[in-house]
Amino acid sequence: MKMRLVAALAATTVLMTGAQASAAATKTAVFAGGCFWSVEKFFEATPGVLKAVSGYSGGASANPTYENHAGHMEAVKVTYDPAKISYAQLVDRFYRNIDPTDPNGQICDKGPSYRTAIFAGSAEERAAAEAARVKYAKQLGAKITVATRNAAPFYNAEAYHQDFAKKNPGHYERYRIGCGRDRALKAVWGGR
């Protein structure tokens, strides 16, 4: 009986240590790409991404809300497994799901809240963001307006914004079609 108890405790310790190591191995990245519903949706469908959370970043005010987030951009915090997807790959995925040439927002969502930015948390992340800027400027033959900014506090958006496309698929699809997001992205990226 004691041997079974010791074996069970040892197995539990190994499992807990593995879970802690796995949690410690995750990283986060923050991207502003227009409406956070769309950015959250495409990141959640990305292999290696564990979680995507809609929120606000880049402004000076603490605890912004949807009704009062002046200075902040709609952004998404991505938790990912760097053993499955690199930061540079996340940046590439981000670029391919926005119009990186629009200085005024994204598709039908215009204004400062909908501008695009990559919030770099390290020199390596900044280098990856800048390398992508150069690559896509050359590929598209256009000025890239995605800002590379230093990491800033991230504030979760209200609960009704989280997983919006999953919880409200009809509403999200009407938004996406009405906004013309797919058409606009096809016009930017074509067969590239």
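With the working numbering applied, the sequence shown has no gaps in its numbers, which climb one by one up to 194 at the end.
Where a beta carbon is used, it is the ideal one built from N, C-alpha and C, also for glycine.
Which residues DSSP lists as bridging Q108, in chain order | D111
Query raised in the report: Measuring CB to CB, does G36 end up less than 8 Å from T103?
Result: no
Could you check how far apart the C-beta atoms of S115 and H74 are, in whole angstroms? I think they sit under 8 Å.
7 Å
- Can you tell me where the alpha helix (DSSP H) with G192 in it begins and where it stops? Per DSSP, G192 belongs to no alpha helix (DSSP H) and is neither H nor E.
Stretch-stretch touch, CB-based, cutoff 8 Å, three pairs: the region 138-156 with the region 90-108 = yes
Quiz item: In angstroms, rounded to a whole number, what distance separates the CA positions of I120 and V136?
Solution: 14 Å
Are the CB atoms of T30 and T67 within a distance shorter than 8 Å? no
Just grab the DSSP bridge partners of A134 for me.
-> According to DSSP, A134 bridges with nothing at all.
Entirely within the region 46-100 and at least 3 residues each: give me those beta strand (DSSP E) ranges in chain order.
51-59 and 75-82
In this structure, does DSSP put V148 in helix, strand or coil?
coil
- request: Return the bridge partner residues of V32 from the DSSP annotation.
  value: K79 and F121
Whole-angstrom distance between R178 and D184, CA atom to CA atom
7 Å
| Limits of the unbroken beta strand (DSSP E) element including Y177 | Taken as a continuous stretch (DSSP letters only), Y177 belongs to no beta strand (DSSP E), being part of the alpha helix (DSSP H) at P171 to C181.
- request: Would you list the residues sitting across from Y157 in a DSSP beta bridge?
  value: Y58
Report the rounded CA-to-CA distance for F156 versus Q108, giving the unit in angstroms. 20 Å
> Distance, Cα to Cα, E42 vs G192?
Replying inline: 22 Å
Since A77 and G60 are thought to touch, with beta carbons under 8 Å apart, how far apart are those beta carbons, to the nearest angstrom? 7 Å
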